[in-house]
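Right, one structure below, let's go through it.
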């Protein structure tokens, strides 16, 4: 099975104003959901994730290696939220 590596940073806040600031810096707000584990709020470079998802149209079967503070989370995409008319991703939910 194919694996794609992504570098992530922790984000400390939530909310539309904070997420808008993140997007203006060309980063993408995301979240890592874990079964019986604490959810982790992250941000990823938008261009990095966009090119890797567009190149792999069948992204439901791809494992992502999300590297966060020297820890690796093997995850899959749960949901992608896209802008209605711009060619932009707004938010991604990952499951690890």
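Residue numbers (the working numbering): 786 to 881.
Glycine included, each C-beta is placed from N, C-alpha and C at the ideal position.
| said: Can you tell me whether residue 869 is buried or exposed? The criterion is at least 16 other CB atoms within 10 Å of its CB, across all chains shown. | reply: exposed
| Quick one: is residue 859 buried, meaning 16 or more other Cβ sit within 10 Å of its Cβ, or exposed? | Result: exposed.
| Is residue 788 helix, strand or coil when you go by DSSP? | Reduced to three states, the DSSP call for residue 788 is strand.
| request: Please report how far the alpha carbon of residue 814 lies from the alpha carbon of residue 787, in whole angstroms. | output: 23 Å
| said: Taking 9 Å as the threshold (C-beta atoms), are residue 865 and residue 878 in contact? | reply: yes
| message | Could you tell me the alpha carbon to alpha carbon distance between residue 861 and residue 880, rounded to whole angstroms? | response | Taking C-alpha positions only, residue 861 is separated from residue 880 by approximately 5 Å.
| Among 824, 850, 808, 820, which residue has its Cα nearest to the Cα of residue 867? | 808
| query | Starting from residue 809 and walking both ways along the alpha helix (DSSP H), at which residues does that stretch end? | reply | 801-809
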